[in-house]
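According to mature numbering (1 follows the signal peptide of the UniProt record, and there is no 0), the sequence shown holds residues -20 to -1, 1 to 129 in order.
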Amino acid sequence: MPLKKLVFLGLLFISHWTQAGVVLTDIQGKKIAFHDLKGKWVMINYWASWCQPCVDEIQEFNRFYQIEKDRVALFAVNYEGLSLAEQRQLIKQYRIRYPSLQNDPRHSLELGDIRGVPVTFVFNPRGQFMTALYGSQTLDTLREIIRRS
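Dropping the structure here:
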């Protein structure tokens, strides 16, 4: 087996293995095992209240979630490192209608450094990391990601 293929398969196995034990916690305290999301697309959107493109895309994510919630697990993560009370206030203020996570799962999911917000990390229904979408997203761009993959 060529070395490149062996390394790729090894990284794929490690990526899947490390995500198997990841548990996400939503803003209400509900625990969500990442492996329980298998079979759905998973999108984790990082945003900040001081970021106008982040705020602008919230309504697009609301629409997307309303349409695709049976196929997609969508989560918001506030990038500002705020308390739960502050996060809840912003969720209400900006009318975020999809689940928000209490803590940043970037390290447990091995997403690496974030180079700016907004950014949305996308995992396919097998739990494999697919892409990082930097910049504002629309209903159409989000639907295109799950349609073409």
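Ideal placement from N, C-alpha and C gives every residue a C-beta, glycine not left out.
Quantities reported herein were computed from a predicted structural model and do not represent experimental measurements.
When the distance is taken between beta carbons, is residue j closer than 7 Å to residue i?
i	j	result
residue 119	residue 44	yes
residue 102	residue 23	yes
residue 2	residue 70	no
residue 16	residue 81	no
In the DSSP output, which residue or residues are listed as bridge partners for residue i?
i	result
residue 11	5
residue 41	None, per the DSSP bridge assignment.
residue 91	Residue 91 is not bridged to any residue.
residue 58	27
residue 97	None; residue 97 has no bridge partner.
residue 80	56
According to DSSP, is residue i helix, strand or coil?
i	result
residue 74	coil
residue 111	strand
residue 120	helix
residue 65	helix
residue 17	helix
residue 24	strand
residue 35	helix
residue -8	Any answer about residue -8 is weak, because its pLDDT of 47 lies below 50 and its placement is not dependable; what the coordinates show is given next. Looking at residue -8 - three-state DSSP - the assignment turns out to be helix.
What does the Cβ neighbour count give for residue i, buried or exposed, with the cut at 16 atoms within 10 Å?
i	result
residue 76	buried
residue 67	buried
residue 64	exposed
residue 27	buried
residue 47	exposed
residue 53	buried
residue 111	exposed
residue 11	exposed
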